[in-house]
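Heads up, the sequence shown is in the UniProt record's numbering, so the first residue is 1 and it goes up one at a time. No residue lacks a Cβ here, since even glycine has one placed at the ideal position from N, Cα and C.
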Amino acid sequence: MDDNFPDDEIEIELFPIAVQLAYVQQLLGRKQDAMEAYTDIIKRDLADESSIAVAVNNLISLKGPKDVSDSLRKLDRLKEKETQNFELARGLDLKLLAKQKEAIYSNRVLLLLHANKLDQARELVSRLPEMFPESVVPVLLQAALLVRENKAGRAEEILAQFAGKFPDKSKIVFLARAQVAAAAGHPHIAADSLAKIPDIQHMPATVATLVSLKERAGDIDGAAAVLDSAIKWWSNAMTEDNKLNTIIQEAASFKLRHGKEEDAARLYEDLVKSQGNIEALVGLVTTVARLDVNKAELYEKKLKTLPGLKGIDVDSVERTSGVKQVDAPHVAATGSKGAAAVSEQTKPSSKSSKKKSRN
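Structure follows, in structure tokens:
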């Protein structure tokens, strides 16, 4: 075995490990350390081309929309010199895994969108489905491009078509469609998209979002049905992390907001019995006070005094709704946080094979 390798050759062999260590720092949330490591690897320009490509891509994913022009220039180092459009160099294309190549092309599209270079983004996006036919990423990027072109309706259409064609990949697509529709002011479509994801239907965040969307769409009965279904589901759920009380609280607030005081009172009474906290008690007395002040006073006297609650001014409570409607959060179709990072895992190079043959 020949141990007399030149120092620079040893350093070159260690660069893939350096890239992998930087990626570990990135996963651990040590963003600045990872960025410095990637930058050093790129500046020294001694690593093999696949390690450089991974370092460039991951550095861009960490930087996000900051200094877009510089990030695009760094990606240009990876392209085939003889082509006008962005295409990975032939040698690099053979060394990288499909997932790594997809991450690089995806980040290129995101940068082009941030730079408002829509023509270039459009050209690149058009090639991605053929390059990565098994992936959901191309259709998500196509939808992002359409949103930037103020064609949210078309984005919703292509996402729905893809979800119908590939049911096993529909979850993330329907989530994206819901985001696009909500941001475009299409609450019916947003709610319909979320309703097509069975495994999140009864989660509190989904329930609250569906209720808000249906309220915005004027479908009050539909919103009530979502809450009733969630209450029924959690009532029968055998789980330690039961969200029944959270859902009941939301349902009671909803009923009160829409003038169904008797239903709201019944739900608040259930909460008082199961939780016995101040918030539930205030909600109960507030609601009953709208129907019968004397009964509200009776509730106050009969209910056990709670820690920290010395007494309730029923007249004051009656003037307080205690309920606020929360609008659906603003959502964006794309973001820099969606940039993809990849690990240093490439196909074996001929150089590595030669090294192994020396052993």
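Which of helix, strand or coil DSSP assigns to residue i
i	result
residue 46	coil
residue 72	helix
residue 88	strand
residue 369	This structure cannot speak to residue 369, because the chain is shown only from 1 to 359.
residue 115	coil
residue 186	coil
residue 28	coil
residue 61	helix
residue 328	Because residue 328 sits at a pLDDT of 40, beneath the cut-off of 50, its placement in the model cannot be relied upon, and the following sentence gives the value as read from the coordinates. In this structure, residue 328 counts as coil in the three-state DSSP scheme.
residue 137	helix
residue 96	coil
residue 150	coil
residue 142	helix
residue 166	coil
residue 52	helix
residue 312	Confidence in residue 312 is poor, its pLDDT being 49 and thus under 50, which makes the residue's placement too unreliable to answer from.
residue 67	coil
Contact check, residue i vs residue j, beta carbons under 8 Å
i	j	result
residue 143	residue 176	yes
residue 59	residue 31	no
residue 163	residue 145	no
residue 75	residue 54	no
residue 202	residue 224	no
residue 287	residue 251	no
residue 247	residue 198	no
residue 15	residue 41	yes
residue 86	residue 113	no
residue 78	residue 92	yes
residue 217	residue 191	yes
residue 118	residue 149	yes
residue 88	residue 104	yes
Whole-Å CB distance - residue i paired with residue j, under 8 Å assumed
i	j	result
residue 227	residue 211	6 Å
residue 155	residue 147	5 Å
residue 46	residue 12	6 Å
Does the count of Cβ pairs from the region 95 to 103 and the region 64 to 71 closer than 8 Å reach three?
Taking 8 Å as the limit for Cβ pairs, the verdict is that the region 64 to 71 does not touch the region 95 to 103.
Could you tell me which whole beta strand (DSSP E) segments of length 3 or greater appear in the region 203 to 267?
Scanning the region 203 to 267 for uninterrupted beta strand (DSSP E) segments of 3 residues or longer gives nothing; none is fully contained.
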